[in-house]
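The block underneath contains the structure these notes are about, expressed in C-alpha cells.
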Amino acid sequence: MKDIFIKWFMNINTFLIHLSSGRIGTQLGAQTILILTTMGRKSGQPRSVPIAYFFYEGKYLIVESNWGKDNHADWYLNLQKQPQASIEVKGQTIKVNASFAEGEGYALLWEYLTKKHPPYLQYQKMTKRKIPIVVFDQSI
36 MKDIFIKWFM
46 NINTFLIHLS
56 SGRIGTQLGA
66 QTILILTTMG
76 RKSGQPRSVP
86 IAYFFYEGKY
96 LIVESNWGKD
106 NHADWYLNLQ
116 KQPQASIEVK
126 GQTIKVNASF
136 AEGEGYALLW
146 EYLTKKHPPY
156 LQYQKMTKRK
166 IPIVVFDQSI
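Numbered by the numbering used here, the letters in the sequence shown go through residues 36 to 175 in order.
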C-alpha cells in the first residue's frame, strides 16, 4: 500500500511542478524537489520522476536511497545505462550528465548529505547495499 501511495503522490507532484513551472511542489518540508527525466532502459521512452536534490559546489546531487529498499530505483538503473538526462529546476530544464560518486569523493558527499538530511543514515541501515550518490554536471 505504501508503494502505491508513493507512486500516486509522485505522479501528482510531477504534474503540479510542470503545471506551475516549479512554483508548486518543489518544496516539501526541508527537501527541495526537481524533476529528473531519464531514458527508459527497456522502453527507450522518457521517464520523469520528482526527487529531492542538493546543490553543492556547482553540481546537483541526488541520493538514490529508494526509501531504504534493497533494490535500486528505476531512474538510477536508467542512468547507469544512459547517463545523459535532464533536470527541471524552478521551471528551467537543464541537460545534464550523471556520474556516480566513489571513494573519497563519496565519503565527503555522504557526510555532507547526511548532515543535510539525517534520514539517509536510517535508510542505509535498512538496506544491504551501499546507497549511491548521483552527481549531475550540466551538459554543454
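Note that CB positions come from ideal geometry on N, CA and C, so glycine has one too.
Around the Cβ of Ile-68, a 10 Å sphere holds 16 or more other Cβ atoms; the residue is buried.
Taking the Cα positions, Gln-66 is about 14 Å away from Glu-99. Beta-bridge analysis with DSSP links Met-74 to Pro-81.
The DSSP-derived three-state label of Gln-117 is coil. Annotated as proximal: Gln-119 and Ser-174, with beta-carbon spacing under 9 Å.
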